[in-house]
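Report on one structure; see the data block that follows.
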Amino acid sequence: MSRNELSGDVITYSGAVQPVKALAIVADRRLSAAALSALLLKDPSYRIARREHGGGEVRAMLARERPSVMVLDVRAPALFALIGASAWGMRTLLL
Numbered sequence: 002m003s004r005n006e007l008s009g010d011v012i013t014y015s016g017a018v019q020p021v022k023a024l025a026i027v028a029d030r031r032l033s034a035a036a037l038s039a040l041l042l043k044d045p046s047y048r049i050a051r052r053e054h055g056g057g058e059v060r061a062m063l064a065r066e067r068p069s070v071m072v073l074d075v076r077a078p079a080l081f082a083l084i085g086a087s088a089w090g091m092r093t094l095l096l
């Protein structure tokens with residue numbers, strides 16, 4: 002298992018006021034994705050709806066789940082093109 006591979010979580014919110022339908026956390030290292038997700042998961046209103054590892058799997062997850070917002074932490078800009086977030090108009094925050 003490679004730790005330096007594209008990893009992603011789709012996180013949903015179950016609180017009374019829903020700021021977004023779903024939020025994606027995507028990083029080029031598993032530890033980075035897990036750490037960013039853990040910050041949100043401190044609030045019990047958030048939960049991981051889906052987790053994937055590997056470029057093709059993460060891309061398929063994003064296309065299927067269509068989160069409203071994606072937080073992207075990658076060192077290689079080419080990975081942003083691999084994800085293809087612009088295809089469905091997702092808001093993207095690059096870290």
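Note that our numbering numbers the sequence shown so that position 70 is 71, with each residue one more than the last.
All C-beta atoms, glycine included, are put in the ideal place defined by N, C-alpha and C.
Small disclaimer: the values here were computed from a predicted structure and weren't measured.
Taking DSSP's pairing of strands, which residues face residue i in a bridge?
i	result
V27	G9, L73
E58	DSSP lists no partner for E58.
Please confirm whether residue i and residue j have their CB atoms less than 8 Å apart.
i	j	result
E66	R48	no
V59	G90	no
L37	D74	yes
Please report how far the alpha carbon of residue i lies from the alpha carbon of residue j, in whole angstroms.
i	j	result
V11	A35	11 Å
V70	V18	16 Å
D29	L7	4 Å
H54	R31	8 Å
P20	I26	16 Å
S46	S33	21 Å
S15	M62	20 Å
In three-state DSSP terms, what is residue i?
i	result
R92	strand
A64	helix
S3	Summary for S3: the model assigns pLDDT 47, below 50, so the residue's position carries little reliability, and this model does not support an answer.
A17	coil
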